[in-house]
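A.B. asks: This is the structure, below, for whatever I ask next.
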Amino acid sequence: MPQISNLRFLFSSTNHYSSPFFSPFKPKTPLNKSLSLLTVFSSSSSSSPRRERQHTPHKRHNPLKLTRRNNSSFLINEKKTKMPEPETERVVFNKRRAEGSDNNKPKTLQLKVRKLNPINTICYVQILGTGMDTQDTSPSVLLFFDKQRFIFNAGEGLQRFCTEHKIKLSKIDHIFLSRVCSETAGGLPGLLLTLAGMGDEGMSVNIWGPSDLKYLVEAMRSFIPNAAMVHTRSFGPATGSDAVAFPPVVLIDDEVVKLSAILLQPYGKNIAGPRVQPGDISVVYVCELPEIKGKFDPAKAAALGLKPGPKYRELQLGNSVMSDQKNIMVHPSDVLGPSVPGPIVLLVDCPTIAHFEDLLSKQSLLSYYADVSDELIKNTKAVNCVIHLSPASVTSSPEYQSWMKRFGGAQHIMAGHETKNIEIPILKSSSRIAARLNYVCPQLFPATGFWAQKHLSKLFLDSIASSEDSPKHSDCISAENLLKFQLRPLAQLGLDRTGIPSLTSHSEIIDELRSEIPEIEEAVQEVQKFWHSAGQTNGISPLQSKIEEPWLSGDACPSCLENISREDMEIVLLGTGSSQPSKYRNVSSIYINLFAKGSVLLDCGEGTLGQLKRRFGVKGADDAVRSLMCVWISHIHADHHTGLARILALRHDLLKDVPHEPLLVVGPWQLKRFLDAYQRLEDLDMQFLDCRHTTETSLAALESNLKSITGSSPPGSPSSSEQKNRGSNLFAKGASMQSFWKRSGSPVDNGAAVPILKNLKKVLNEAGLEALISFPVVHCPHAFGVVLQAAERLNGKGKAIPGWKIVYSGDTRPCPELIEASRGATVLIHEATLEVATFEDGMVDEAIARNHSTTKEAIEVGDSAGAYRIILTHFSQRYPKIPVFDETHMHNTCIAFDMMSVNIADLPVLPKVLPYLKLLFRNEMIVDESDDVVNDATAAI
């Protein structure tokens with residue numbers, strides 16, 4: 002564990018209120034303010050007395066004093082007194098990590114060196130079904146040898162897929178991209194970071210791709226160590242060069258395989274312009290295994306004077322040797338039977354008809370066609386298998402099907418997006434849990450597209466229609482997840498379906514659950530009573546007496562929930578894990594569904610689009626992406642933003658034919674570096690706003706500037722002295738922490754951002770939101786949390802009802818800025834990376850070292866701020882299904898799961914469901930992740 006800085010800060014909390022136009026923090030009545038005093042821990046501390054804050058209706062605690070215990074964490078002491086008490090808070094965190102200086106020495110990542118086996122006993126190509134069920138990314142293909150592994154394409158979800166199916170990432174030697182775009186390379190950043198975190202020295206991998214790869218590498222430098230990308234190799238014509246024919250490129254040629262790349266460019270009659278544009282180039286990969294030597298004849302060897310021994314082996318390897326008894330050289334052809342040509346596999350990515358026109362013209366493919374005469378081409382080669390990554394819009398054309406027939410008896414595997422694969426979940430472990438959760442509480446866990454019978458029926462009809470349009474080729478099949486084509490041993494050459502997973506029906510999963518936990522049926526009935534108040538009984542059921550928890554006592558609903566509609570707001574937890582995707586939890590992403598008014602995305606880790614597809618269906622997810630009004634990113638760590646490019650690229654494609662505005666992206670400035678560099682590959686159609694421009698102090702500074710121009714300010718604007726007081730906090734300009742935070746919480750120059758801020762105001766108004774406020778938190782440089790405040794509404798009698806308030810912590814240690822922002826929150830979504838039952842637990846020290854929070858600390862933050870409901874998320878992979886938690890602190894808290902959908906109208910019953918979910922996992926609160934990177938990845942979060 003890295004050494005933790007002993008520097009801790011002691012300061013008093015102050016109110017930091019700004020104009021109600023921008024901020025949700027303003028109380029109903031003005032409060033007296035006092036300047037905070039910043040004192041280093043080693044010196045004596047003091048704070049000015051202050052008046053207690055006015056409580057919101059759902060606030061249950063008096064102001065709390067945060068103190069430190071056992072040099073490790075917070076302890077919240079509740080003091081019930083009528084006299085005002087000074088609030089003293091201590092921030093306990095890893096200062097070096099928060100400054101971004103905890104990596105003392107960069108790793109030198111080495112490539113794995115393996116001794117090749119020229120006589121491979123096993124070799125095959127296998128379909129890795131990433132995106133086959135959700136159609137959000139390109140499937141990957143594994144080329145397997147005894148001592149080497151090659152993967153073609155690394156779309157989002159590849160890591161999670163490999164974890165699910167026990168494919169060791171550490172065994173991968175080469176990654177080849179057929180195109181460079183978010184569809185084929187979205188999983189590459191996370192994969193590189195995972196490999197770099199393995200072991201003490203880390204690992205690297207060879208990455209191959211067309212010339213556009215250099216743009217992707219340049220973009221990833223903003224958050225990936227350069228050492229992880231030193232083994233990237235691009236080939237083909239540079240962007241902007243003339244679109245002329247480019248010869249095949251031999252990438253690897255050794256005793257195991259010869260791998261060549263044939264480049265395709267869309268410069269046919271269907272496009273305009275003679276120059277290569279970013280994203281134009283696609284690749285056909287040709288994998289040729291060496292010929293299989295004929296059978297060794299010992300009798301011939303003996304006749305030539307050879308004795309049994311090492312020389313037999315040399316001859317079998319193709320090397321000539323000197324005879325033991327005669328003065329002659331013995332050649333392999335003297336003692337071996339006729340050789341058998343090695344198997345050949347083609348991987349074809351032809352994304353458009355324009356690319357297909359170039360494909361037809363490739364002279365380098367003539368030697369692989371079966372219909373070419375020997376007079377035209379000498380030494381023609383028989384292709385055994387062709388894997389088509391091309392979309393159906395290309396492969397279904399008569400011209401493409403005629404081209405396929407030129408390969409004679411080759412096996413064709415159509416690995417584009419096939420409708421039949423939607424009904425079989427690729428990630429069966431998480432789908433199984435989703436089905437169980439749906440059975441226990443369908444209100445919080447709606448049925449996904451995989452298990453909805455109506456959806457499956459439609460898919461069946463679509464599948465029939467699709468099969469009627471598919472190529473009528475006797476050797477052409479649709480790809481299926483984990484389908485293999487065996488290349489060696491030669492006796493097994495051909496298709497191998499033994500690894501293809503079968504479809505497990507929803508009813509089979511529920512029957513298994515009932516058998517495993519017989520009382521689950523009664524639990525389902527009890528849960529449904531929460532949504533049917535008229536059916537409540539005065540008695541207590543036997544099941545309730547077993548699982549009733551102390552937090553089930555009633556609490557008053559906040560006024561913002563008065564006459565609330567189910568069409569007002571819904572929180573969809575798309576990803577609830579940390580560091581990297583795992584079998585049961587994807588990485589961070591929260592979809593705020595405002596229904597007819599649009600939607601907002603808070604963080605966007607790898608696989609976010611796939612999770613949207615699983616939650617809303619393949620077509621419903623497209624509607625969800627179209628409805629996005631804003632995406633907010635908390636910090637630059639990869640598990641919070643590497644799914645963004647795919648979302649933005651898809652939105653651009655969905656809206657390219659209709660008038661629309663660029664999507665607002667609010668995030669740390671490092672994210673803009675990545676997106677700006679990435680836009681050389683794909684048009685992301687976005688408008689970026691630095692989180693620092695959306696902090697309370699920056700918005701107040703902007704308002705002050707507008708006041709100086711117009712001579713007036715909106716009602717309720719703070720005075721200059723109030724603005725000064727507002728800046729007197731731990732992170733503001735002039736404070737001791739200013740250089741450490743890189744001024745992330747202090748005002749910034751809003752000049753260039755004014756038009757975008759005005760657009761943000763417009764977008765928020767259209768979405769029914771009063772404010773979006775970012776605030777700095779303690780994790781890494783430029784890490785933020787966010788507040789979403791809904792606008793007031795009127796009830797049937799014309800009475801004003803305050804809007805709801807959502808606070809999302811991002812990744813952080815407990816800190817005063819978060820507590821202040823969470824005052825009176827309707828929902829606080831707080832990270833709880835590590836579980837801790839007692840303050841003496843060693844997880845607290847690790848939480849401090851990584852600048853994360855424990856479950857108990859997260860609950861204490863919510864309680865001290867008076868949050869009505871707390872949702873815990875961002876769990877470590879140590880807790881693959883459900884974390885262990887201290888039950889005595891869960892009175893207003895719920896554990897998040899992937900695909901969990903919390904409607905604002907269901908908030909009153911939310912904590913009551915948790916005991917029944919706990920029952921669902923009573924035998925599974927243990928770690929069962931088997932991937933070899935879990936422990937190493939935990940150190941990177």
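Numbering (the numbering used here), first residue to last: 2 to 942.
Built from N, CA and C at the ideal position, the CB exists for glycine as well.
Please read these numbers as outputs of a predicted model, since none were measured by experiment.
1) Is the distance from the Cβ of GLY811 to the Cβ of GLU793 below 9 Å?
2) Using a Cβ-Cβ cutoff of less than 6 Å, which residues in the same chain neighbour CYS558 once the five nearest sequence positions on both sides are dropped?
3) Given this structure, state the Cα-to-Cα distance separating LEU307 from PRO342, to the nearest angstrom.
4) Looking at the unbroken beta strand (DSSP E) that takes in PRO669, where does it start and where does it end?
5) Quick check: what's the CA-CA separation for PHE42 versus VAL93?
6) Using alpha carbons as the reference points, say which of THR138, ILE128 and GLU358 lies closest to PHE145.
7) What three-state label does DSSP hand GLU424 in the structure shown?
8) Answer yes or no: does any C-beta atom of chain D fall closer than 9 Å to that of TYR401?
9) Taking only runs of the alpha helix (DSSP H) that begin and end inside the region 612-677, which ones reach a length of at least 4 residues, in chain order?
10) According to DSSP, is THR499 part of a helix, a strand, or is it coil?
11) Tell me, please, whether the region 225-235 touches the region 186-203 by the rule of three or more beta-carbon pairs shorter than 8 Å.
12) When the Cβ atoms of the region 347-354 are set against those of the region 395-413, are three or more pairs found closer than 8 Å?
13) Answer with buried or exposed for ASP677, where buried requires no fewer than 16 other C-beta atoms within 10 angstroms of its C-beta.
14) Would you tell me roughly how many angstroms separate the C-alpha atoms of GLY786 and HIS641, rounded to the nearest one?
15) Give a yes or no on whether the C-beta atoms belonging to VAL610 and THR138 are separated by under 9 Å.
16) From the DSSP secondary-structure annotation, give me the bridge partner or partners of VAL285.
17) Distance check for GLN680 and ASP623, CA to CA, integer angstroms please.
18) Between the region 522-531 and the region 163-182, do three or more beta carbon pairs fall short of 8 Å?
19) Could you tell me the alpha carbon to alpha carbon distance between ILE757 and PHE689, rounded to whole angstroms?
20) Where does VAL341 sit, in a helix, a strand or coil, going by DSSP?
21) Going straight from the alpha carbon of ASP463 to that of ILE648, what length do you get?
22) On the three-pair Cβ rule with 8 Å, is the region 663-678 touching the region 208-221?
23) Who are THR874's beta bridge partners in DSSP?
24) How would you write the range of the beta strand (DSSP E) that ILE521 sits in, first residue to last?
25) Relative to the C-alpha of LEU911, which candidate in ARG923, ASN924, ALA897 and LEU920 has its C-alpha closest?
26) Please determine if the region 358-377 and the region 319-330 are in contact, where contact requires at least 3 C-beta pairs separated by less than 8 Å.
27) Considering only their Cβ atoms, is the gap separating ASN893 from GLU864 smaller than 9 Å?
28) Quick one: what's got a C-beta closer than 6 Å to LYS614's C-beta in the same chain, skipping five residues either side?
29) Using only alpha-carbon positions, find the residue among PRO339, ILE173, ILE263 and HIS694 that is nearest to GLU292.
30) Pick out whichever of MET900, VAL808 and PHE922 has its Cα sitting closest to the Cα of ALA448.
31) Write down every uninterrupted run of the beta strand (DSSP E) in the region 746-780 whose length is 3 residues or greater and which is fully enclosed by it, in chain order.
32) Excluding sequence positions up to five away, which residues of its chain have a Cβ less than 7 Å from the Cβ of LEU770?
33) Please classify ILE388 as buried or exposed, where buried requires at least 16 other C-beta atoms within 10 Å of its C-beta.
34) Under a Cβ-count criterion, where at least 16 other Cβ atoms within 10 Å of its own Cβ denotes burial, should PRO582 be classed as buried or exposed?
35) Check each candidate in LEU390, TRP209, LEU305 and ASP298 and name the one with the smallest Cα separation from ALA262.
36) Please confirm if the region 391-410 is in contact with the region 293-305, defined as three or more CB-CB distances below 8 Å between the two stretches.
C.D. replies: In brief:
1) no
2) PRO909
3) 27 Å
4) From DSSP, PRO669 is part of no beta strand (DSSP E); its letter is neither H nor E.
5) The predicted position of PHE42 is uncertain, since its pLDDT is 28 and thus under 50; a value taken from the coordinates is nonetheless stated next. Their backbone Cα atoms lie some 11 Å apart in a straight line.
6) ILE128
7) helix
8) Judged by its chain identifiers, the structure shown contains no chain D, having just a single protein chain.
9) 619-627 and 645-656
10) coil
11) yes
12) yes
13) exposed
14) 12 Å
15) Per the sequence shown, residue 610 should be read as Leu rather than Val. Yes, the Cβ-Cβ distance between LEU610 and THR138 is below 9 Å.
16) ILE263 and VAL349
17) 21 Å
18) no
19) 8 Å
20) strand
21) The predicted position of ASP463 is uncertain, since its pLDDT is 47 and thus under 50; a value taken from the coordinates is nonetheless stated next. Roughly 26 Å separates the two Cα atoms.
22) yes
23) GLU832
24) That residue, ILE521, is in no beta strand (DSSP E); its alpha helix (DSSP H) goes 521-530.
25) ALA897
26) no
27) A small fix is needed here, since residue 864 is Asp in this sequence, not Glu. Yes, Cβ-Cβ distance for ASP864 and ASN893 is below 9 Å.
28) THR135, ASP137 and ALA622
29) PRO339
30) MET900
31) 770-777
32) LEU789, GLN790, ALA791 and ALA792
33) buried
34) buried
35) TRP209
36) no
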